[in-house]
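In my numbering, the protein residues as written are 26 to 477. For reference, the structure is listed below as structure tokens.
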């Protein structure tokens with residue numbers, strides 16, 4: 026069996042397992058994680074909807090004649106056709122860097138799956154538990170495909186690489202498609218991957234926030250195509266990621282421990298409004314601020330020892346708030362000044378703050394000196410020298426929010442409640458222990474009306 030055949034066999038096994046897996050087969054912990062991911066990502070969509078660029082795009086889209094079949098998570102909960110709703114919600118959902126992510130490889134599976142899935146679910150009248158089932162299983166598909174390919178130096182961003190696969194999987198599963206249809210849709214979706222340059226993150230190029238939206242639309246389209254026999258081939262996915270983009274293969278990831286280890290259980294949630302690669306540094310800085318009552322104006326030098334992914338985020342002069350979210354110098358400097366890693370530290374005011382700008386310029390990034398073994402593979406140690414000659418340091422081996430250091434549910438509930446108030450003030454109520462039992466059979470559209 027050659028490598029392409031090996032991949033195809035593994036993907037077939039994955040698709041067969043996914044389409045046979047029932048909601049009743051999922052452990053209680055996995056069901057609970059699905060609710061957390063759903064609620065967290067919808068709250069991120071609502072937060073992004075308030076930003077000026079997504080708001081202008083939404084106004085443009087909604088000014089055109091449209092079929093009102095799926096909700097847009099913005100003020101008034103307007104409706105659009107499923108393609109437009111998926112695009113708008115995906116764009117907003119990753120705008121503020123508050124959506125959840127997957128810890129085992131670079132793959133924000135929730136924001137790849139949910140915009141298309143939720144649009145389709147409302148149009149079809151799916152029940153709440155059907156939505157959650159499709160989320161869990163599509164999350165499994167896209168993360169296992171992403172883990173099957175390793176890039177030594179990623180040149181293309183994960184949102185561009187994987188979003189169409191997650192969207193296609195979610196829609197096919199929502200429609201009750203069989204294994205062959207799922208196989209055909211995700212292989213087709215891989216060929217629509219965008220070539221989104223990873224350096225655009227550091228440069229703050231705003232089109233980066235559009236890659237997940239493009240993937241949502243492409244995934245929906247590929248699900249439609251697959252249902253009509255317009256599908257990818259066994260070679261499609263390896264051809265894109267291995268042959269064109271040069272990834273190394275790890276095809277065991279497709280079905281290793283399938284049904285025992287659930288990908289959605291390896292997700293992380295954010296309370297810092299920036300790239301997760303820098304969360305350990307943010308946490309280390311906040312510990313310094315708490316422990317030493319530091320005056321940011323008395324810091325002479327800042328040295329940050331951190332992991333390779335963070336070392337690439339080295340721009341000391343970000344020109345946009347997106348650039349600030351992917352600038353390690355800003356991720357370190359702003360919390361010293363503002364005492365928080367929340368959206369305030371990555372606002373336009375923070376970007377242009379003179380004291381933050383000064384601190385960004387004195388941040389020096391160095392490789393972390395110890396072995397990087399998961400879950401301590403994204404650490405940071407921050408060492409500062411004050412103008413009085415005092416040295417202070419703080420180290421964070423793994424930021425809170427991941428499977429090894431989960432956020433207290435009360436903290437995550439507060440985040441969801443605060444972000445969702447403008448549109449769905451009842452969203453955080455989905456985290457109640459009995460919510461699935463009470464609401465599981467409710468159609469998704471009706472549930473949204475109940476949460477308003």
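Each residue gets a CB set at the ideal place from its N, CA and C atoms; glycine is no exception.
Residue i to residue j span [Cα, whole Å]
i, j, result
"residue 160", "residue 338", "31 angstroms"
"residue 45", "residue 201", "10 angstroms"
"residue 236", "residue 412", "44 angstroms"
"residue 271", "residue 316", "46 angstroms"
"residue 36", "residue 416", "53 angstroms"
"residue 329", "residue 314", "15 angstroms"
"residue 247", "residue 474", "30 angstroms"
"residue 428", "residue 291", "6 angstroms"
"residue 334", "residue 213", "30 angstroms"
"residue 403", "residue 336", "11 angstroms"
"residue 376", "residue 283", "44 angstroms"
"residue 484", "residue 406", "Here the chain comprises residues numbered 26 to 477, so residue 484 is not present and cannot be evaluated."
"residue 190", "residue 452", "27 angstroms"
"residue 380", "residue 157", "45 angstroms"
"residue 109", "residue 41", "30 angstroms"
"residue 390", "residue 226", "18 angstroms"
"residue 239", "residue 112", "7 angstroms"
"residue 358", "residue 28", "47 angstroms"
"residue 266", "residue 38", "20 angstroms"
"residue 199", "residue 98", "20 angstroms"
"residue 436", "residue 449", "18 angstroms"
"residue 353", "residue 144", "35 angstroms"
"residue 215", "residue 34", "17 angstroms"
"residue 325", "residue 231", "33 angstroms"
"residue 414", "residue 462", "60 angstroms"
Beta-ladder partner(s) of residue i, from DSSP
i, result
"residue 391", "330"
"residue 480", "Absent from the structure is residue 480, since the part of the chain shown begins at 26 and ends at 477."
"residue 175", "273"
"residue 468", "152"
"residue 372", "None, per the DSSP bridge assignment."
"residue 262", "Paired residue(s): none; residue 262 is not in a bridge."
Opening and closing residue of the beta strand (DSSP E) in which residue i lies
i, result
"residue 419", "416-421"
"residue 410", "405-411"
Where the alpha helix (DSSP H) containing residue i begins and where it ends
i, result
"residue 207", "204-215"
"residue 82", "77-87"
"residue 282", "No alpha helix (DSSP H) holds residue 282; DSSP gives it neither H nor E."
"residue 172", "153-172"
"residue 57", "53-74"
"residue 454", "Note, residue 454: premise wrong, no alpha helix (DSSP H); not H, not E."
"residue 244", "236-252"
"residue 223", "From DSSP, residue 223 is part of no alpha helix (DSSP H); its letter is neither H nor E."
"residue 440", "434-445"
"residue 40", "28-45"
"residue 287", "Unbroken run through residue 287: none, as it is neither H nor E."
"residue 187", "183-199"
"residue 362", "353-363"
"residue 98", "Taken as a continuous stretch (DSSP letters only), residue 98 belongs to no alpha helix (DSSP H), as it is neither H nor E."
"residue 381", "379-386"
"residue 117", "107-118"
"residue 306", "304-317"
"residue 345", "Where residue 345 is concerned, there is no enclosing alpha helix (DSSP H), given that its DSSP letter is neither H nor E."
Inter-residue CB distance, residue i and residue j (contact presumed, cutoff 8 angstroms)
i, j, result
"residue 420", "residue 456", "In fact, because the Cβ distance is near 32 angstroms, the residues do not count as touching under 8 angstroms."
"residue 167", "residue 204", "About 16 angstroms separates the two Cβ atoms, so there is no contact after all."
"residue 234", "residue 192", "At roughly 16 angstroms, the Cβ-Cβ gap does not stay under 8 angstroms, so residue 234 and residue 192 are not in contact."
"residue 341", "residue 385", "5 angstroms"
"residue 163", "residue 94", "Actually they do not touch by this definition, with Cβ atoms about 20 angstroms apart."
"residue 229", "residue 344", "5 angstroms"
"residue 177", "residue 444", "Incorrect: roughly 36 angstroms between the Cβ atoms, too far for contact."
"residue 117", "residue 77", "Contact flag wrong, Cβ pair sits at about 12 angstroms."
Discussion item. Count Cβ pairs between the segment 269-284 and the segment 87-104 that sit closer than 8 angstroms; are there 3 or more?
Written reply: Not touching, per the Cβ criterion.
Practice prompt. May I ask you to verify whether the segment 299-313 touches the segment 359-375, counting CB pairs closer than 8 angstroms and requiring at least 3?
Written response: When C-beta atoms of the segment 299-313 are compared with those of the segment 359-375, three or more pairs fall below 8 angstroms, so the two segments count as touching.
Fill in: At least 3 beta-carbon pairs within less than 8 angstroms: the segment 120-131 vs the segment 292-300
yes
Worksheet item: Would you call the segment 133-143 and the segment 53-67 touching, i.e. three or more CB-CB distances under 8 angstroms?
Response: yes
Worksheet item: Does the segment 40-55 come close enough to the segment 64-82 that 3 or more CB-CB pairs lie under 8 angstroms?
Response: By the Cβ criterion, the segment 64-82 is not in contact with the segment 40-55, since fewer than three pairs of Cβ atoms, one from each stretch, lie closer than 8 angstroms.
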